[in-house]
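In the working numbering, the protein residues as written are 298 to 545. Where a beta carbon is used, it is the ideal one built from N, C-alpha and C, also for glycine. Reading through the structure tokens given below for one structure.
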Ligand SMILES: [Zn+2]
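Have a look at this one:
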């Protein structure tokens with residue numbers, strides 16, 4: 298016998314099914330990532346019409362069957378509707394949803410990823426932080442939360458924490474000035490770029506979007522993130538292709 302459960306979460310993806318239904322991917326605090334069917338949610342008079350869309354955050358009451366969830370009712374506390382009026386910000390949002398979908402697992406504790414997504418969408422609606430910086434912060438923090446990321450706090454050659462100079466792909470992290478010579482493919486980094494990476498890795502989610510960086514640091518983050526995403530995320534994100542065609 299199935300049962301009804303109420304889960305706190307966010308809609309990551311919503312795909313149309315048949316004439317009137319949707320298949321949702323939800324990131325939830327209690328069950329990690331789940332798939333839920335929202336029957337009739339594309340009908341104009343459906344109570345699920347507004348809820349069954351990406352970015353909707355709130356309480357989702359589902360009937361838990363043997364193999365899938367059916368969404369019965371939703372109480373949405375934040376639709377992030379500001380994103381629907383800003384094409385570029387919305388595509389950043391879709392990209393973040395796709396990354397969360399990539400990392401999250403069913404029945405895994407995804408509470409921190411959910412909090413990160415919520416804070417990141419709020420930051421997208423805040424004009425004071427450049428969207429590009431939000432992207433690099435989100436990419437790097439989600440790598441850290443997933444546990445697959447390079448060593449950014451000490452030299453991978455000798456272990457010192459000072460005079461760190463570059464990221465070395467083959468070494469899986471930073472090297473210091475003494476270990477730099479002979480390191481193949483080293484990406485040289487400013488001290489303030491390294492500090493920024495350390496700050497993001499160790500910061501609470503609440504303090505993550507409380508700073509901006511110089512143009513030099515932003516340029517280095519762009520270069521480094523492109524390398525890190527290739528090495529540590531084994532996926533070509535569809536929404537990133539669209540986003541890059543919009544912003545460049
Ligand atoms: Zn060293």
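Look at residue 428 here: in three-state DSSP terms it is helix. Annotation: the stretch 325 to 354 contains the following complete segments of the beta strand (DSSP E) (minimum length 3 residues), in chain order: 329 to 335. Taking the Cα positions, residue 385 is about 12 Å away from residue 432. DSSP places residue 448 within a strand segment (E or B) once states are collapsed to three. Contact residues of ligand 1 (beta-carbon closer than 6 Å to any heavy atom; chain order) are 452, 454, 455, 457, 472, 473, 475 and 476. With respect to residue 497, residue 412 sits apart: the two C-beta atoms are not nearer than 9 Å. Within 10 angstroms of the beta-carbon of residue 308 lie 16 or more other beta-carbons, which makes it buried.
For residue 473, the enclosing beta strand (DSSP E) begins and ends at 470 to 473. Restricting attention to 483, 353, 473 and 399, the CA atom closest to the CA of residue 524 is found in 483.
In this structure, residue 487 lies away from residue 471, with their beta-carbon atoms at least 9 Å apart.
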